[in-house]
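Chemist:
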Amino acid sequence: MSDTNGDERKMKRKKYDVLFSLGTVLAALQKVVDSTDIYGTLSFGLAAQGFYSIILELGEKKATMKVAKVSLPTRIESAEELLGIPSQKRVISVEMLPHHKKIMKDKVVICGCEQVFPQVLGVPLPSLQEMCTLPSFAAVIPVLQHDCILIAASDELTEEEVPVFSCFRDLIDTTVSNVKLLEEMKEQKEFSERIVKGVQEGIMLENAEGIITFVNPRIQQMLQYTEEELIGHHYSTIACPEYVELAEEETKKRPRGIQSQYEICILRKDGTRIPVIVSATPLFEKGEYVRTLTTFTDISAQKKAEEETRTLKEFSENIIQSMHEAVITEDEKGVITFVNAKVEELLERKKEEIVGHHWREFIAPEYIQKVEEETARRAHGISGQYEAALLTKSKRRVPIMVGSTPLFENGRFKGVTSVCVDLTVIKEKEKEIQQKNEDLQLLSKINHALNKGKDLRTILDMALQEVQNIFDSDAMAIMFVEKGGQRIRSENLAVSPEVSQILNIEPAPTEVSFAMGKGSILEKTVKKRESYLVQEQHFEEIFKGILTREEIAEIQEKTQVKSAAVLPLVVEDEVIGVIAIGSRRELDQSDLNRLKSLSKHLALAIHHARLDGALEETSQELQTSLSEQILLRELLEKLYVAENQKEVVEIASEGLKKLKYTYFAVWLKEKDYLKLAQVHSQRDVIAKAGKIIEEATGKVPTLDKILLHGEGNVYKAVLEKGKALITDNIELHKEKDVLTTPLSTLIRQWTGTDTALNDKVLQVLQVQSAICIPFQVEKKVAGVFVVGSEDILKYHDFVVLETLGQIVNEALGKLQSSAVLEKKKQDLEFSNRQLSLLQEINNALNSTMDLGTILKILVKGISSIFGYNIPSVYLLSDDKEYLLVMEFDISSKLLDGIVKLVGFPLENYRIPLFEGSSLKQVLETGKPLVTDDIPRLLRDYTDRENLRRLAGALYRLGNSKWMCVLPLIANDEPVGMLVFGNKKKVEQKDIDALSGFLNQTALAIAKARMYEELKEASQMKSEFIDIASHELRTPLTSIKLYLEMIQMGRYGELSPELEEKIGLLQASAERLREIIDQTLVSSRILKQKLELKKDEISLVEMVKNVKAQLRPLWESKRQTIDIEGPYKFPLVEADKDAIWKVVTALLENAIKYSHEESKITVKLYDLPKEVEVAVMDEGVGIQQEYLQKIFEEFFIIPSETEYARMDGRTGLGLFIAKGIVEAHGGRIWVESVYGLGSTFHFTLPK
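Numbering-wise (my numbering), the sequence shown opens with residue 40 and increments by one.
Written out as structure tokens, the structure is:
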């Protein structure tokens, strides 16, 4: 019994422990205020009481679940780490739980941990046991109301704890619901506060006693109070005193549940007022009134708008009264009820005289019907706008624009409000514009006429017609002031028939001229340049001194002219005329102003028309002058090619005809008379004149001759003085120096008649003037041409005829000197041809070193340029005993015949230079030989008679009577001679012409022979180098081999001293091998036989390798070598071994010729079409004169320079480098500053 009691006590204590632990967890859970902390607090609380726990969240349909929280006493700290995947991604079926149906019915289940934990966590039981020690039992506690399941595990759980856990579950459910409810209440409160704070109206809560308990930010902003300053105070503290009573009355309605709305003013903190509309709503709790919700709407803007509307209304009424437009209001019957001040002004009446009267009383009669029609439309609600005219008190009409608006009240027509705009100014402007348009149309027509090239009369007629129409004119005239300003001329008149009859002039006169009357308005207008407006009573002042008073009175009586205007026509401050107009109406100042404007433009139009006329006249003159110039140029061209004097005279006569001169004659000077060469006249008047003379004298006149004897002979004076002669009625400029004579004298001395007979001849000839122009040959007068005209000839005619005379002079002078000119032309052409060919030959001589080519050029020049026959060139032999026949100019066919005849080629023939030989004498003295004794000269060629005869035949065949032998001397030494034949004797001037050409040829021959010698020596040198290099290699190889064997001890042990000597011998042998290799390479370069094996190579790698190979050299001198270039440098096609030699040679030189501790830089450049390598040193540098020579073969800088201290040089390194680079298609050069260093560059194509 005691054991049983003990077990019961033990069970009770155990149950008490579980209940205590769960109570502790609940106590912690009840302190949670955020629902997101529930799972963490629950898991942490169970762990603190020794429970393992897992919290599962159910899916939407409660068929699946996922782990939300895990609490195990291991190193694992989260569900994610335990499961290996994020817990929210591991979805577990509810059916995996033991007794899942019972659990989903909200029943607590006690089971073994191994039944739950592996399935839920997805971790095998062994693995789970390795992680931690699982308790024996687990309580599965469903909290379905909140979609979760709690698993709590412990070793001491039994089925008897199920009620405890059920109670625990219910408490959890209640606690979680409370937490969520509190959250919702909190959110609702915050939401309400946000709404209250965010509204635009002020909101205030007050309790039943009127004490403020809440205010939103808007009411605080409105009142400028803080929340603390308002809460706890009575609402009356913010109301204006005069509104407190109203507020209290409204407050008494609240307990009865009556809402109210009223308007008051509240006070700001600073005492200013705010008009508001108050909306008060009572609030009740359990049927008892507890507080009031009051809303304050600020209506300051509304009040302000109302005040502005009132002010605007008053302002509008004031505006209407002060408007520039007239405002009239009338009732439905047309009776005026209101007018503003402008209406009084327009009607020239007071308000009392207008209001109460019908509008018809104030409208011009012609507009009454129109106004009635418009008023009828207003009754139908139609607004309108129309023109009318008011009738003033003084019966003056005021044009107006009316804008009418109907007035209605409750749908009933009550009247019309009309706004009337005074159009007086506008109408005046319209009239002004109309006048301007009329003026512009007139001016436009005048300008159009000017542009169309109309003459002055047409423009004036148009102006008269238009101005008459505009100003209702009966009489109008445009008059021009004549020279001296005393008379006035009218070319254009427009007068009525009555005026024409009174003045006894034609109805449409073409021109009227009269003197200006002294003191008349016309005279004043011209002298003072002023315009005058004259009324009819003062008409006589216009034509004072021109027309009589009776004529003026009659004009006034028979016409309707009421007024007149007289205006000057002024251009550039000069009065050119006057415009006078008489009008049937009274002209005023505005009309005069219009006429002034028109007169200005008309004056300019007249001026322009005159200029156009003058321009047209000038243009015609220029056109005529141009035609004459063209004709004279054609005459000049024809005269230039004329071959004799007769042809010159005929061409001159033809020119006079084309110049449209109807009377002219050309006379040629003989001994003592002028002989007629050409004559031209109309109607054969010369024959008629001759018949008159014959009938009067009985003798046939000799009209084809003019005798040149007797005193006063004008023709003789023309020939002696060489001056032109004109008749005394022709006007010329003073600068022309001419002779003058009466026409009768000119005719009489031609015909030889007396005065009476001469007059008859003049009547037949019908000539009014004449010009006589002399023409000369070599400053001697050769004749004259005489031109007559039926009109008076002008200065222009004289200039044309004078020019023709000069042209004839030049043509005749040309005929005299044509032979000389032809000869000079031929000589000049020959000289030009010689110079051109000489230039070609000189260029050829300077561009070749071939002796055969030079000799061919020489004989070609002698034959083709200078025209000499059978030229041949002989060169002096080396022993100076013979002349070698080298070149000759003989046809190939003839040359073949000669070779067959003599039996050997002429090129192999040698001419001996014996004592007494004329050829030897030419070489010794350097003087040329010119002889016509050809047989004698040929004896110096050979002693064979047949050859001498053959040579003589050759020269005769070449039509040569003379032979010339010229020495060829270069550098004061004879090199040979030139022999040629000629038909004429060769003079010294001919030899001088050849000297320059021969000297240049001799120098070219000497250089060519020297070049051949050098070429031969160079060939021998190259062959010797090749043979010597090849022959030296074999013994050198043997020497090196034996030295290596000795050094290796094959012939006994070496002493240190002997071993040192053997090393020196090996170094010398290696140096000798390098020299032989360099010599062979240079020989190939010279022969252009350098063979390249191209492949893609890296210049960057090569420079680095050469630097490494030469390290002992530059390190021994404590030098540094830097390599600079782009990151990516292209490969190039090149012979690797050959380019290695180039880089090595340049770097070795840089090291060798640079000071110790100096810097050497190698730079590589990637250029568009090539790559460049530059080796820069800080050495001794190279003098300017050696920069090009250092690349020549075997060149070594002279010993007086710094290089004197250097040794081991062959002068081939840079020569070989240059040959290799150029064989690759590249370039190599050097830049150096003596004393500062050098930079060697070379390029290779990409």
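We put the beta carbon where it would ideally sit given N, CA and C, even for glycine.
Suppose you measure from the CA of Lys1202 to the CA of Gln1105; what does that come to, to the nearest Å?
Modeler: Numbered from its first residue, the sequence shown carries residue 1202 at position 1163. Numbered from its first residue, the sequence shown carries residue 1105 at position 1066. Between Lys1202 and Gln1105, the C-alpha separation is close to 36 Å.
Chemist: For my contact list, Ile316 and Ile338 are in at a C-beta cut-off of 8 Å; report their separation, rounded to the angstrom.
Modeler: Position 277 of the sequence shown, counting from 1, holds the residue named residue 316. Position 299 of the sequence shown, counting from 1, holds the residue named residue 338. So it is a contact: roughly 6 Å between Cβ atoms.
Chemist: Which ranges does the beta strand (DSSP E) cover as unbroken runs of at least 3 residues, wholly within the segment 431-484, from first to last along the chain?
Modeler: If we require 3 residues or more, the beta strand (DSSP E) runs fully inside the segment 431-484 come out as 436-448, 451-461.
Chemist: What did DSSP end up calling Cys279 once you bin it into helix, strand or coil?
Modeler: To locate residue 279, count along the sequence shown from 1; it is residue 240. Three-state result, Cys279: coil.
Chemist: In chain order, which continuous runs of the alpha helix (DSSP H) of length 4 or greater are located wholly inside the segment 776-853?
Modeler: Counting whole runs of 4 or more residues, the segment 776-853 contains the alpha helix (DSSP H) stretches 782-790, 794-804.
Chemist: Between the segment 1266-1275 and the segment 1223-1230, can you find at least three pairs of beta-carbon atoms closer than 8 Å?
Modeler: yes
Chemist: Name the two residues that bound the continuous beta strand (DSSP E) containing Leu35.
Modeler: No answer is possible for residue 35: the residues shown for the chain start at 40 and end at 1285.
Chemist: If you check the beta carbons only, do Leu1283 and Val1210 fall under 8 Å apart?
Modeler: Your numbering for residue 1283 matches position 1244 in the sequence shown. Your numbering for residue 1210 matches position 1171 in the sequence shown. Their beta carbons are under 8 Å apart, which means Leu1283 touches Val1210 by this criterion.
Chemist: For Gln717, which residues does DSSP report across the bridge?
Modeler: Taking the first residue of the sequence shown as position 1, residue 717 is located at position 678. Paired residue(s): Val705.
Chemist: Taking Ile973 as the reference, give the member of Gly326, Thr964, Val1004, Lys966 with the closest Cα.
Modeler: One-based indexing of the sequence shown puts residue 973 at position 934. Per the Cα distances, Val1004.
Chemist: Quick check: what's the CA-CA separation for Glu248 versus Leu65?
Modeler: Walking along the sequence shown from the start, residue 248 turns up at place 209. Walking along the sequence shown from the start, residue 65 turns up at place 26. If you draw a straight line from the Cα of Glu248 to the Cα of Leu65, it is about 44 Å long.
Chemist: My parser needs the alpha helix (DSSP H) runs of 4 or more residues fully inside the segment 168-249; what are they?
Modeler: Correct list: 201-237.
Chemist: Evaluate Gln788 with the Cβ neighbour count: other Cβ atoms within 10 Å of its Cβ, from every protein chain shown; 16 or more gives buried, anything less gives exposed.
Modeler: If you number the sequence shown from 1, residue 788 lands on position 749. When all chains shown are included, Gln788 counts as buried.
Chemist: Mind checking which residues open and close the beta strand (DSSP E) that includes Gly621?
Modeler: On the sequence shown, residue 621 is found 582 positions in, with the first residue counted as 1. Run containing Gly621: 613-622, per the beta strand (DSSP E) assignment.
Chemist: Closest by CA to Asp711, which one among Arg435, Arg1157, Leu758?
Modeler: Within the sequence shown, numbered from 1, the residue matching residue 711 stands at position 672. Comparing C-alpha distances from Asp711 to each of Arg435, Arg1157, Leu758 shows the shortest one belongs to Leu758.
Chemist: How far does the alpha helix (DSSP H) with Asn1188 in it reach, from first residue to last?
Modeler: Here residue 1188 refers to the residue found at position 1149 when the sequence shown is read from its first residue. Start and end: 1175-1191.
Chemist: Are Leu446 and Lys453 touching if we call contact CB-CB under 8 Å?
Modeler: Counted from its first residue, the sequence shown places residue 446 at position 407. Counted from its first residue, the sequence shown places residue 453 at position 414. It is a contact, given that the beta carbons lie within the stated cut-off.
Chemist: Determine the extent of the alpha helix (DSSP H) in which Thr1320 is found, giving its start and end residues.
Modeler: The displayed coordinates of the chain run from 40 to 1285. Any statement about residue 1320 would go beyond what the structure contains.
Chemist: Would you mind working out which of Leu894, Lys919, Glu920 sits nearest Ser911, comparing C-alpha positions?
Modeler: The sequence position of residue 911 within the sequence shown is 872, counting from 1. Among Leu894, Lys919, Glu920, the Cα nearest to that of Ser911 is on Leu894.
Chemist: Going by DSSP, name the residue or residues bridged to His273.
Modeler: Within the sequence shown, numbered from 1, the residue matching residue 273 stands at position 234. Looking at the DSSP assignment, His273 forms a beta bridge with Ile250.
Chemist: From Arg399 to Leu429, what does the alpha carbon distance come to, in whole angstroms?
Modeler: One-based indexing of the sequence shown puts residue 399 at position 360. One-based indexing of the sequence shown puts residue 429 at position 390. About 10 Å.
Chemist: Using the DSSP secondary-structure output, state which residues sit across from Tyr1225 in a beta bridge.
Modeler: By one-based count along the sequence shown, residue 1225 stands at place 1186. Tyr1225 pairs with nothing; no bridge assigned.
Chemist: Considering just the uninterrupted stretch of the beta strand (DSSP E) at Trp1153, what are its terminal residues?
Modeler: The count along the sequence shown starts at 1 and reaches residue 1153 at position 1114. Trp1153 -> not in any beta strand (DSSP E); alpha helix (DSSP H) instead, spanning 1150-1155.
Chemist: For Leu1007, which option in Thr414, Gly1035, Cys152, Gln668 has the closest C-alpha, if you only look at C-alpha atoms?
Modeler: Residue mapping note: residue 1007 aligns to position 968 of the sequence shown, counting from 1. With distances taken between Cα atoms, Leu1007 lies closest to Gly1035.
Chemist: The beta strand (DSSP E) spanning Pro321 covers which residue range?
Modeler: The count along the sequence shown starts at 1 and reaches residue 321 at position 282. Here the beta strand (DSSP E) through Pro321 covers 312-324.
Chemist: Beta carbon of Thr1278, beta carbon of Ala1213: below 8 Å?
Modeler: The sequence position of residue 1278 within the sequence shown is 1239, counting from 1. The sequence position of residue 1213 within the sequence shown is 1174, counting from 1. The answer is yes: Cβ separation under 8 Å.
Chemist: So is Arg293 buried or exposed if we call it buried at 16+ other beta carbons inside 10 Å?
Modeler: Your numbering for residue 293 matches position 254 in the sequence shown. By the neighbour-count rule (16 or more Cβ atoms within 10 Å), Arg293 is buried.
Chemist: If you compare alpha carbons, which of Leu897, Leu220, Ile258, His273 is closest to Glu245?
Modeler: One-based indexing of the sequence shown puts residue 245 at position 206. Closest by alpha carbon: His273.
Chemist: Output the distance between the C-alpha atoms of Val1292 and Tyr754, rounded to the nearest integer angstrom.
Modeler: The structure shown does not extend to residue 1292, since the chain spans only 40 to 1285, so no value can be given for it.
Chemist: Just verifying my parser: in three-state terms, what is the DSSP assignment at Tyr921?
Modeler: Position 882 of the sequence shown holds residue 921. Tyr921: strand per DSSP, three-state reduction.
Chemist: Tell me the residue span of the alpha helix (DSSP H) that contains Tyr754.
Modeler: Taking the sequence shown and counting its residues from 1, one reaches residue 754 at position 715. For Tyr754, the enclosing alpha helix (DSSP H) starts and ends at 753-760.
Chemist: Starting from His1280, follow the beta strand (DSSP E) in both directions and report where the run begins and ends.
Modeler: Residue 1280 sits at position 1241 when you count from the first residue of the sequence shown. Here the beta strand (DSSP E) through His1280 covers 1276-1284.
Chemist: In the structure shown, what three-state DSSP assignment does Gly151 receive?
Modeler: Here residue 151 is taken as the residue at index 112 of the sequence shown, counted from 1. Strand, per DSSP.
Chemist: Tell me, please, whether the segment 787-804 touches the segment 627-644 by the rule of three or more beta-carbon pairs shorter than 8 Å.
Modeler: no
Chemist: In the DSSP assignment, the alpha helix (DSSP H) including Pro740 goes from what residue to what residue?
Modeler: For the purposes of this step, residue 740 is taken as the residue at position 701 of the sequence shown. That residue, Pro740, is in no alpha helix (DSSP H); it is neither H nor E in DSSP.
Chemist: So, are the CB atoms of Ser622 and Val600 less than 8 Å apart?
Modeler: Sequence index remark: in the sequence shown, residue 622 carries index 583 (1-based). Sequence index remark: in the sequence shown, residue 600 carries index 561 (1-based). Yes.
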